[in-house]
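K.L.:
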Amino acid sequence: MYLTIDLISPPGCLLASMDLDDTEQDPEIKEYSSVCVGREDDIKKSERMTAVVHDREVVIFYHKGEYHAMDIRCYHSGGPLHLGEIEDFDGRPCIVCPWHKYKITLATGEGLYQSINPKDPSAKPEWCSKGIKQRIHKVTVDNGNIYVTLSKEPFKCDSDFYATGDFKVIKSSS
Ligand code: FES
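For what it's worth, our numbering labels the leading residue of the sequence shown as 180, then goes sequentially.
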């Protein structure tokens, strides 16, 4: 049996995962347990924060009253999304990667692009989706603490490449 309490936490967090009975914790249970990444008051001021959740580096945004967490490195070529600007495209809030300006929806991780009709070049370009490219993680708030739970979605996201292996952990300031 496992008991989860918070002991190893960022400043202000009261909880973190720890196996108290000294037995090996199931790696899958551990990987998908929620991790406290900071305080609600702090992210509401800064509007974004970075964290390492079970060896995966993520960025958490607070935008227009909602929280969003995603892999920190851009699915295109590993750009640092925590340094990008948030803009609306087609009414959808997106992080714009600072490296090549790809647009990624905060809510779903879809890559957006503008399409023109070659048969009617005078028509207004339309925003289209490439599908989910950036892995989105779950954010919950409890007692003023922000928790991130890694996505368990089985499909492969392009951003997985930059969240594993040699690219696994980057310096948050890069
Ligand atoms: S690395 Fe993000 S747009 Fe190229």
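The C-beta atom is built at its ideal place from N, Cα and C for all residues, glycine as well. Just so we're clear, the structure is a prediction, and the values are computed from it rather than from any experiment.
Going by the CB atoms, is the gap between residue 229 and residue 261 shorter than 9 Å?
P.N.:
In this structure, residue 229 lies closer than 9 Å to residue 261 by Cβ.
K.L.:
Under the rule that 16 or more other beta-carbon atoms within 10 Å means buried, what is residue 240, buried or exposed?
P.N.:
Residue 240 is buried by the Cβ-count criterion.
K.L.:
Is the beta carbon of residue 234 closer than 9 Å to that of residue 341?
P.N.:
No; because the gap between Cβ atoms is not below 9 Å, this pair is not in contact.
K.L.:
Alpha carbons only, please: which of 205, 334, 279 and 232 is nearest the one belonging to residue 217?
P.N.:
Closest by alpha carbon: 232.
K.L.:
Closest to residue 313 by CA distance: which of 215, 244 and 332 is it?
P.N.:
The shortest Cα separation from residue 313 among 215, 244 and 332 belongs to 332.
K.L.:
Please report the straight-line C-alpha distance between residue 212 and residue 318, rounded to a whole angstrom.
P.N.:
Cα to Cα, the separation comes out at about 12 Å.
K.L.:
Does the Cβ-Cβ distance between residue 311 and residue 336 come in under 9 Å?
P.N.:
For residue 311 and residue 336, yes; Cβs fall inside 9 Å.
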